[in-house]
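Peer 1: In the numbering used here, the protein residues as written are 213 to 498. Dropping the structure in here first, questions after.
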Amino acid sequence: MTRTVYVNGEYLPEGEAKVSIFDRGFLFADGVYEVTSVLGGKLIDFAGHAKRLERSLNELDMRNPISSDDLLEVHRELVRANEITDGMIYLQITRGAAADRDFAFPGDDVEPTIVLFTQSKPGLADSPAAKVGIKVISIADERWGRRDIKTVQLLYPSMGKMMAKAAGCDDAWMVEDGAVTEGTSNNAYIVKGDTIITRHLGNEILHGITRAAVLRFAREAQMKVEERAFTIDEAMGADEAFITSASTFVMPVVEVDGTAIGTGKPGPVAARLREIYLEESRKAAV
Ligand code: PDD
Numbered sequence: 213m214t215r216t217v218y219v220n221g222e223y224l225p226e227g228e229a230k231v232s233i234f235d236r237g238f239l240f241a242d243g244v245y246e247v248t249s250v251l252g253g254k255l256i257d258f259a260g261h262a263k264r265l266e267r268s269l270n271e272l273d274m275r276n277p278i279s280s281d282d283l284l285e286v287h288r289e290l291v292r293a294n295e296i297t298d299g300m301i302y303l304q305i306t307r308g309a310a311a312d313r314d315f316a317f318p319g320d321d322v323e324p325t326i327v328l329f330t331q332s333k334p335g336l337a338d339s340p341a342a343k344v345g346i347k348v349i350s351i352a353d354e355r356w357g358r359r360d361i362k363t364v365q366l367l368y369p370s371m372g373k374m375m376a377k378a379a380g381c382d383d384a385w386m387v388e389d390g391a392v393t394e395g396t397s398n399n400a401y402i403v404k405g406d407t408i409i410t411r412h413l414g415n416e417i418l419h420g421i422t423r424a425a426v427l428r429f430a431r432e433a434q435m436k437v438e439e440r441a442f443t444i445d446e447a448m449g450a451d452e453a454f455i456t457s458a459s460t461f462v463m464p465v466v467e468v469d470g471t472a473i474g475t476g477k478p479g480p481v482a483a484r485l486r487e488i489y490l491e492e493s494r495k496a497a498v
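Below, the structure written as structure tokens:
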């Protein structure tokens with residue numbers, strides 16, 4: 213099926229959608245993005261993603277070409293036009309295409325580029341991986357220092373994913389100064405006794421929208437939460453581990469660097485949080 217995509221104010225068949233070779237997203241990775249999941253034809257945590265987008269743009273002094281209301285409308289129209297029941301919507305905004313390649317940012321006469329497309333993933337919330345858990349390796353975190361901004365500079369995370377694959381694993385947890393920052397495209401957690409431990413917010417990690425919701429639900433369910441750095445050794449000795457993101461929700465992690473975590477099977481805390489997250493966010497979906 214040919215997707216309908218959105219480019220700079222127009223809905224077009226995917227094959228007709230074009231962006232300039234001078235686009236700064238292409239030349240300088242000068243762009244930001246968001247991924248919003250769709251369950252039952254509705255958007256999960258849209259407000260959180262729209263707010264983080266605004267923040268990413270502000271941090272980079274990049275103009276927002278679309279209002280939050282119009283953005284919601286575009287998301288909904290793409291879900292409708294592409295008959296998405298479960299899946300994701302990818303959104304990217306770049307600083308646009310100046311007349312030539314130039315490191316300096318262009319002036320206000322250059323319009324930002326905005327692109328959105330859908331990814332259909334029927335049964336996204338019933339992923340078989342959630343039942344068996346995923347395996348991760350640890351790698352050095354070699355990304356830039358402003359990981360709190362959701363930029364399209366994803367080469368190192370892609371390389372991390374390939375390193376994990378080469379090791380027969382599913383993902384990589386990145387380590388800096390001895391502590392885990394996050395997964396290649398997700399936030400990382402361990403569970404020790406009755407405490408959920410995940411890295412504190414800062415420039416070192418992306419402030420996950422799923423993370424914020426999951427921690428809120430955990431606290432509401434009287435679970436203990438510690439926001440602090442943890443090491444791979446601590447993860448190996450933990451009772452459970454899991455990741456969160458808009459595309460995986462809450463996903464158990466059962467092995468790190470070849471060592472089984474806890475029983476080596478998905479644990480009860482991750483399972484419970486996944487259940488609560490899916491239930492509550494489906495209720496709040498728009
Ligand atoms: N990635 N950390 C990183 C580095 C991420 O790329 C992501 C999201 C997260 C989780 O954030 P959220 O809960 O808001 O999805 C954490 C998206 C899903 C992606 O790149 O596809």
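Backbone N, C-alpha and C fix where the C-beta goes; we use that ideal spot for every residue, glycine too.
At what residues does the beta strand (DSSP E) containing Pro225 begin and finish?
Peer 2: For the purposes of this step, residue 225 is identified with residue 13 of the sequence shown, where counting begins at 1. For Pro225, the enclosing beta strand (DSSP E) has its first and last residue at 222-225.
Peer 1: Can you give me the C-alpha to C-alpha distance between Met448 and Glu487, rounded to a whole angstrom?
Peer 2: Working through the sequence shown from its first residue, we reach residue 448 at position 236. Working through the sequence shown from its first residue, we reach residue 487 at position 275. Whole-angstrom Cα-Cα distance: 25 Å.
Peer 1: Out of Asp353, Ile349, Arg431, which has the shortest C-alpha to C-alpha gap to Leu367?
Peer 2: In the sequence shown, counting from the first residue as 1, residue 367 sits at position 155. Nearest of Asp353, Ile349, Arg431 to Leu367, Cα basis: Asp353.
Peer 1: How far does the beta strand (DSSP E) with Ser332 in it reach, from first residue to last?
Peer 2: In the sequence shown, counting from the first residue as 1, residue 332 sits at position 120. Residues 325-332.
Peer 1: May I ask you to check if the CB of Leu490 is nearer than 7 Å to at least one heavy atom of ligand 1?
Peer 2: Looking up residue 490 in the sequence shown gives position 278. No, Cβ of Leu490 sits at least 7 Å from all heavy atoms of ligand 1.
Peer 1: Would you list the residues sitting across from Trp385 in a DSSP beta bridge?
Peer 2: Residue 385 sits at position 173 when you count from the first residue of the sequence shown. Note: Trp385 sits in a beta bridge opposite Ser350, Gly395.
Peer 1: Within its chain, find whatever has a CB closer than 6 Å to the CB of Glu446; leave out the 5 residues flanking it on each side and keep chain order.
Peer 2: Counting from one through the sequence shown, the residue named residue 446 turns up at place 234. If we look at Glu446 and ignore the five residues flanking it on each side, it has no Cβ neighbours.
Peer 1: Just to be sure I understand the criterion: a residue counts if its Cβ is closer than 6 Å to at least one heavy atom of ligand 1. Which residues meet that?
Peer 2: Val247, Glu394, Ser397, Asn398, Asn399, Leu418, Gly420, Ile421, Thr422, Arg423, Thr456, Ser457, Ala458, Ser459
Peer 1: Helix, strand or coil: which one does DSSP assign to Asp451?
Peer 2: On the sequence shown, residue 451 is found 239 positions in, with the first residue counted as 1. Here Asp451 carries a coil assignment [DSSP, helix/strand/coil].
Peer 1: Alpha carbon to alpha carbon, what distance is there between Asp406 and Ile473?
Peer 2: Reading the sequence shown from its first residue, position 261 is the one you call residue 473. Reading the sequence shown from its first residue, position 194 is the one you call residue 406. Roughly 15 Å between the two C-alpha positions.
Peer 1: Classify Ala430: buried if its beta carbon has 16 or more other beta carbons within 10 angstroms, exposed otherwise.
Peer 2: Reading the sequence shown from its first residue, position 218 is the one you call residue 430. Counting Cβ neighbours within 10 Å, Ala430 comes out buried, since at least 16 surround it.
Peer 1: Considering only residues of the same chain and omitting the five flanking positions on each side of Leu284, which have a CB-CB separation below 8 Å?
Peer 2: Taking the sequence shown and counting its residues from 1, one reaches residue 284 at position 72. Once the five neighbours on either side are set aside, the close Cβ partners of Leu284 are Leu255, Phe258, Ala262, Val498.
Peer 1: Can you tell me whether DSSP reads Glu523 as helix, strand or coil?
Peer 2: Outside the displayed span of the chain (213 to 498) sits residue 523, for which this structure offers no information.
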